[in-house]
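Taking it in order: structure first as structure tokens, then the write-up.
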Amino acid sequence: MAKITAAEVNKLRKVTGAGMMDCKKALVEADGDFDKAIEILRKKGQKVAAKRADRDSSEGAAIAKVSADNAKGVVISLNCETDFVAKNESFVTLANELADLALGYDSKDAFMDAPFNGMTVAEKLTEQTGVIGEKIEIGSFETLSAPFVGSYIHAGNKIATLVGLSAAVEGAAAAAKDVAMQAAAMNPVALNEDGVDQSIIDKEIEIAKDQLRQEGKPEAMLDNIAKGKLNRFFKDNTLVNQAFIKDSKQSVSEYVKSVDAGLEVTGFSRVALG
């Protein structure tokens with residue numbers, strides 16, 4: 001039987017993130033063969049993953065990253081089962097490393113097949129499921145491209161947002177961050193009125209009409225009053241029309257134009273956990 005040294009155990013631990021005892025057992029089982037030991041740990045992860053496939057993985061870390069030229073951003077969530085794991089430093093580090101890698105891909109499928117430390121992202125998640133003992137998966141994967149993209153991650157990594165602006169003007173970085181913070185805090189349903197799903201509009205109109213009927217308003221007046229209430233819904237729930245959280249006297253759109261007259265918000269992405 002091969003003699004397993006502490007240095008070999010430590011090397012395997014650094015490569016896989018597995019605990020010292022798990023690494024030692026894998027090396028003993030592999031008779032000192034390093035690659036075989038990695039495969040043993042991976043198979044352990046597959047077994048754990050199969051057992052925990054139906055578990056709820058609503059905790060985790062939401063991470064937003066932006067390219068060096070600020071032309072593209074990505075926001076992902078690395079999901080797990082418990083808040084205890086989500087707060088673990090090595091878990092957050094892994095989430096950030098995966099988000100950095102995700103910047104180079106345009107779809108979740110391509111990202112899952114991407115190479116990561118000698119294996120694919122999908123294989124790494126399976127391996128970490130075995131290491132941590134919880135279901136680990138990529139929940140959200142969203143990209144955003146614009147002339148200028150900014151990001152914001154709320155404390156605790158529970159909410160991450162991206163915001164696109166129409167031009168890389170002076171002050172764009174601060175403006176994009178401010179609007180990204182707005183999206184994190186106020187959870188808009190869409191960028192503007194045009195982005196609101198028709199089913200949501202129909203539902204809001206019906207709710208408004210029901211309230212008006214209960215107040216005794218005449219049926220002939222309902223459509224016009226309901227439209228007014230719908231406009232209020234757009235003001236409260238679409239990003240560019242919302243009151244700016246740092247100065248409620250102006251809308252987000254007005255705030256952005258105060259930075260540069262021609263500046264507009266072109267898009268946003270928001271990922272939240274828990």
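Using our numbering, you'd call the opening residue of the sequence shown number 1 and step up by one each time.
Note that beta-carbon positions come from the ideal geometry of N, C-alpha and C, so glycine has one too.
Start-to-end residues for the alpha helix (DSSP H) that takes in residue i
i	result
D83	D83 to A86
V15	A6 to T16
A26	M20 to E29
Buried or exposed (CB count within 10 angstroms, at least 16 for buried), residue i
i	result
D113	exposed
P188	buried
F84	exposed
N231	exposed
G130	buried
I200	exposed
E170	exposed
E219	exposed
T16	buried
K203	exposed
T126	buried
S248	exposed
Q198	exposed
A174	exposed
D22	buried
G60	buried
D236	exposed
E206	exposed
R55	exposed
D178	buried
N241	buried
A7	exposed
N79	buried
A208	buried
T238	buried
K158	buried
S90	exposed
K124	buried
E29	exposed
Enclosing beta strand (DSSP E) for residue i [first to last residue]
i	result
I63	E59 to V66
D247	D247 to S251
Strand pairing of residue i, partner residues [DSSP]
i	result
F268	V163
S77	A62
K72	S145
CB contact check: residue i to chain C, cutoff 8 Å
i	result
V265	Judged by its chain identifiers, the structure shown contains no chain C, having just a single protein chain.
Q.
At 4 residues or longer, what runs of the alpha helix (DSSP H) sit wholly inside the stretch 86-160?
A. Restricting attention to alpha helix (DSSP H) runs no shorter than 4 residues, the stretch 86-160 encloses them at 89-102, 108-112 and 121-132, ordered along the chain.
Q.
Quick check for students: name the residue ranges of the alpha helix (DSSP H) that lie wholly in the stretch 163-211, counting only runs of 4 or more.
A. 172-186, all fully within the stretch 163-211.
Q.
So within the stretch 214-246, which uninterrupted alpha helix (DSSP H) runs reach at least 4 residues, ignoring any that extend past its ends?
A. Listed in chain order, the complete alpha helix (DSSP H) runs (minimum 4 residues) inside the stretch 214-246 are 222-237.
(Q) When you compare the stretch 155-172 with the stretch 204-216, are there three or more beta-carbon pairs, one atom per stretch, that lie closer than 8 Å? (A) With the cut-off at 8 Å, the stretch 155-172 and the stretch 204-216 do not touch.
Q: Could you say if the stretch 138-146 and the stretch 102-122 meet the contact criterion of at least three C-beta pairs nearer than 8 Å?
A: Verdict: yes, contact present.
Q) Okay, do the stretch 29-46 and the stretch 71-80 touch, 3+ Cβ pairs below 8 Å being the bar? A) The stretch 29-46, when compared against the stretch 71-80, does not touch it at the 8 Å Cβ threshold.
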